[in-house]
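Numbering (the working numbering), first residue to last: 1 to 334.
Even for Gly, the Cβ is constructed at its ideal location relative to N, Cα and C.
Everything numeric in this text was worked out from a predicted model, so none of it was measured.
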């Protein structure tokens, strides 16, 4: 007779490997209470948040768990809290790898939406958690200060990237295309006054818009003043070649070398995030499943529309989500 652990190991070895990509959300995924569940129930996750508090010199855990929302929604706090939370969820899921093949096998690719790309770098062992946190902190601080000096914002628009109406709006109001989420949803950015004018213009065109709770026009020309200072900070960070290919936001193609990663992080400040092309590339590579490590499910919702049933899109966040997905996976494997 096999022992239970031996039976489980044999069962795991018989399970077919699935071509999986790990994904991480960006700004806009935050909410008061984010990360608290795992912090309270898992000592190792608690240590992650405490380490982050120690590095930063202030309690990002307190801001994430208890708010207030106005404080959490500040660019620096939003990005730091989301970075730590996504890492904590990935860490917890990997702890369960002895019970779930999804987490025990390395993904084929990793990617992050917007600044979620920094979590992807950590997942690929290109950055340590500590260096990733410090780099996110520096980037967020620089971009927030620039936004305070030149008030700007971002707005989601329910329109295709190649539509005439979008091209007309970008030209007329001197705005930039910041993110292409899918075939019918983009994010534009620029000065707040111009965004307000564009919002009214789109309304007259009967096109839906949503002003994002973001204090800055990221991935736009307004971040050009930040580039030099960020490049200097980047030179002080020990970036290693990626062990897992990272799908770059600005090109939607895999990168692995130190030089490619540094170039991408600099371009990332001012160039469009090509998320639609990222998911289309994953489809072309035969990816069967995407796992998003983050509590809002923002990326998963976008991906489901793009994947169209070709691959599963799942959010992995917290104890309940890991247990549910483990149960679902084991049931489907029988």
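Cβ separation of residue i and residue j, assumed to be a contact under 8 Å, to the nearest whole Å
i: residue 65; j: residue 28; result: That pair is no contact at about 19 Å.
i: residue 196; j: residue 178; result: Contact doesn't hold; Cβ gap of about 17 Å is too wide.
i: residue 113; j: residue 273; result: 7 Å
i: residue 166; j: residue 159; result: 5 Å
i: residue 93; j: residue 293; result: 7 Å
i: residue 316; j: residue 19; result: Not confirmed; about 17 Å, so no contact.
i: residue 237; j: residue 141; result: Not quite, the Cβ-Cβ distance comes to about 15 Å (not below 8 Å), so this is no contact.
Close Cβ partners of residue i (< 7 Å) along its chain, the five nearest in sequence each way excluded
i: residue 239; result: 126, 127, 258, 261 and 262
i: residue 220; result: 176, 178, 189, 190 and 270
i: residue 46; result: 39
i: residue 67; result: 32
i: residue 304; result: 313
i: residue 129; result: 87 and 122
Nearest to residue i (by Cα), restricted to the options the options
i: residue 106; options: 63, 227, 290 and 221; result: 290
i: residue 148; options: 76, 248, 162 and 58; result: 76
i: residue 168; options: 141, 202 and 60; result: 202
i: residue 71; options: 193, 213 and 180; result: 213
i: residue 120; options: 22, 288, 67 and 296; result: 22
i: residue 161; options: 299, 275 and 30; result: 275
i: residue 173; options: 285, 193 and 184; result: 193
i: residue 95; options: 61, 38 and 211; result: 38
i: residue 69; options: 145, 30 and 61; result: 30
i: residue 163; options: 145, 48 and 205; result: 205
i: residue 78; options: 207, 139 and 264; result: 139
i: residue 264; options: 50, 118, 46 and 48; result: 118
i: residue 24; options: 185, 299 and 137; result: 299
i: residue 306; options: 185, 207 and 211; result: 185
Sequence-distant residues of its chain with Cβ nearer than 6 Å to residue i (five each side left out)
i: residue 245; result: 109, 254 and 256
i: residue 191; result: 152
i: residue 302; result: 181 and 182
i: residue 104; result: 97
i: residue 242; result: 124, 126 and 256
i: residue 187; result: 154, 156, 178 and 179
i: residue 59; result: 53
i: residue 209; result: 155, 157, 199 and 202
i: residue 297; result: 315
i: residue 26; result: 113, 114, 115 and 116
i: residue 334; result: Model confidence at residue 334 stands at a pLDDT of 35, short of 50, so the residue's coordinates are unreliable and nothing is read from them.
i: residue 281; result: 252
i: residue 73; result: 213
i: residue 61; result: 49 and 53
i: residue 211; result: 155
Bridge partners - residue i, DSSP secondary structure assignment
i: residue 274; result: 180
i: residue 112; result: 24
i: residue 254; result: 247
i: residue 62; result: Note: residue 62 sits in no beta bridge, so no partner.
i: residue 291; result: 22 and 314
i: residue 191; result: 152
i: residue 185; result: 182
i: residue 211; result: 155
Spatial neighbours of residue i in its chain, beta-carbon cut-off 8 Å, leaving aside the 5 residues before and after
i: residue 344; result: Residue 344 cannot be examined here, being either before or after the span of the chain that is shown, 1 to 334.
i: residue 133; result: 52, 55, 56, 80, 83 and 84
i: residue 6; result: The predicted position of residue 6 is uncertain, since its pLDDT is 39 and thus under 50; a value taken from the coordinates is nonetheless stated next. Excluding positions up to five away in sequence, the list is empty.
i: residue 266; result: 227, 230, 231 and 234
i: residue 278; result: 111, 247, 249 and 252
i: residue 36; result: 64 and 65
i: residue 14; result: Because residue 14 carries a pLDDT of 39, less than 50, the predicted location of this residue cannot be relied on, and the following value inherits that uncertainty. Correct list: empty, nothing qualifies.
i: residue 285; result: 19, 108 and 109
i: residue 146; result: 216, 222, 223, 225 and 226
i: residue 207; result: 157, 158, 159 and 165
i: residue 351; result: Only positions 1 to 334 of the chain appear in the structure, and residue 351 is not among them; the question remains open.
- prompt: Are the stretch 302 to 310 and the stretch 224 to 238 touching, with three or more C-beta to C-beta distances below 8 Å?
  reply: no
query: Are there three or more Cβ pairs, one per stretch, closer than 8 Å when the stretch 38 to 48 is compared with the stretch 83 to 93?
result: yes
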